[in-house]
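Participant: Numbered by my numbering, the letters in the sequence shown go through residues 1 to 167 in order.
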Amino acid sequence: MQKTRERQRLTVVVVNGIIMALYLALTILVAPVSSGPIQFRISESLNHLVVFNRKLLWGVLGGVIVYNAFFGFGLLDVMYGGGQTLISLGLTALLQNRVKSVKVRLALNTIFFTVGMGTIAYMLVPTGGSAFWTTYGTLALSEFIVMAISAPLMYYLDRTLDFEKRV
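Listed below in structure tokens is the structure:
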């Protein structure tokens, strides 16, 4: 019994490490549009993994933090980007047992991340005003596009891979 628990914990750590590495690779792949006022991070599609399995939150969050620390805007980006990701994924994780429909959870996850881009806009334009709203608009739109396109893809991937049972 003890070995099984230890093995399961190790599996969770390893899978989250793989997700973190995948997040980094996908973000670096599209590096010219991975930071700044327009962000088409295809790696953001991995946010949907938490819809299927809460244990995968740490790999996505780790990928965001590492990328932002080394390739983004540094510590400020770690705090704002990591915080926004933790809050959005945390809300999604809380819904796992409360909202039975996976499609509804995917839609809510997309909304959480789209709305949450306000924190990133604030980091980029702390003075507020029209520059803030323009930046928020471009960030929210680009995040929404990535999340909305990837939601059905992740839904069908889950039907084949069953993310809940993999970890």
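Just so you know, even glycine gets a beta-carbon here, dropped at the ideal spot from N, CA and C.
Within its chain, find whatever has a CB closer than 8 angstroms to the CB of Asn47; leave out the 5 residues flanking it on each side and keep chain order.
Facilitator: On the sequence shown, residue 47 is found 47 positions in, with the first residue counted as 1. If we look at Asn47 and ignore the five residues flanking it on each side, its Cβ neighbours are Val60, Thr85, Ser88, Leu89, Thr92, Asn109, Phe113 and Met147.
Participant: What does the alpha-carbon distance come out to for the pair Asp162 and Leu56?
Facilitator: Indexing the sequence shown from 1 puts residue 162 at position 162. Indexing the sequence shown from 1 puts residue 56 at position 56. Those two C-alpha atoms are separated by around 13 angstroms.
Participant: Phe73: which of Val104, Glu143, Val50 and Ile120 sits nearest, CA to CA?
Facilitator: Here residue 73 refers to the residue found at position 73 when the sequence shown is read from its first residue. The shortest C-alpha separation from Phe73 is found at Ile120.
Participant: Using 8 angstroms as the Cβ pair cut-off and three pairs as the minimum, do the stretch 118-135 and the stretch 17-29 touch?
Facilitator: no
Participant: Tell me the DSSP secondary structure of Asp77 in three-state form.
Facilitator: What you label residue 77 is simply residue 77 of the sequence shown in a count that begins at 1. Three-state DSSP puts Asp77 in a helix.
Participant: Using beta-carbon positions only, say whether Met117 and Ala151 come within less than 8 angstroms of one another.
Facilitator: Counting from 1 along the sequence shown, the entry for residue 117 is found at position 117. Counting from 1 along the sequence shown, the entry for residue 151 is found at position 151. It is not a contact, given that the beta carbons lie outside the stated cut-off.
Participant: Determine the DSSP secondary structure at Pro152, reduced to helix, strand or coil.
Facilitator: Here residue 152 corresponds to residue number 152 of the sequence shown, with the count starting at 1. Reduced to three states, the DSSP call for Pro152 is helix.
Participant: Do Asn16 and Glu164 have their C-beta atoms closer together than 8 angstroms?
Facilitator: As a position in the sequence shown, residue 16 is number 16, starting the count at 1. As a position in the sequence shown, residue 164 is number 164, starting the count at 1. The answer is no: Cβ separation not under 8 angstroms.
Participant: Taking C-beta to C-beta, are Tyr155 and Val102 nearer than 8 angstroms?
Facilitator: Here residue 155 is taken as the residue at index 155 of the sequence shown, counted from 1. Here residue 102 is taken as the residue at index 102 of the sequence shown, counted from 1. Contact flag set, yes.
Participant: Quick check on the DSSP output: what are the complete alpha helix (DSSP H) runs of length 4 or more inside the stretch 57-115, in order along the chain?
Facilitator: Taking 4 residues as the minimum length, the alpha helix (DSSP H) runs contained wholly in the stretch 57-115 are 57-70 and 75-95, in order along the chain.
Participant: Within the continuous alpha helix (DSSP H) that includes Arg166, where are the two ends?
Facilitator: Translated into the one-based positions of the sequence shown, residue 166 becomes position 166. Start and end: Phe163 to Arg166.
Participant: Compare the C-alpha of Ser20 against each of Leu95, Glu44, Tyr136 and Val33 and name the closest.
Facilitator: Locating residue 20 in the sequence shown gives position 20, counting from the first residue. Contrary to the premise, residue 20 reads as Met rather than Ser in this sequence. Among Leu95, Glu44, Tyr136 and Val33, the Cα nearest to that of Met20 belongs to Glu44.
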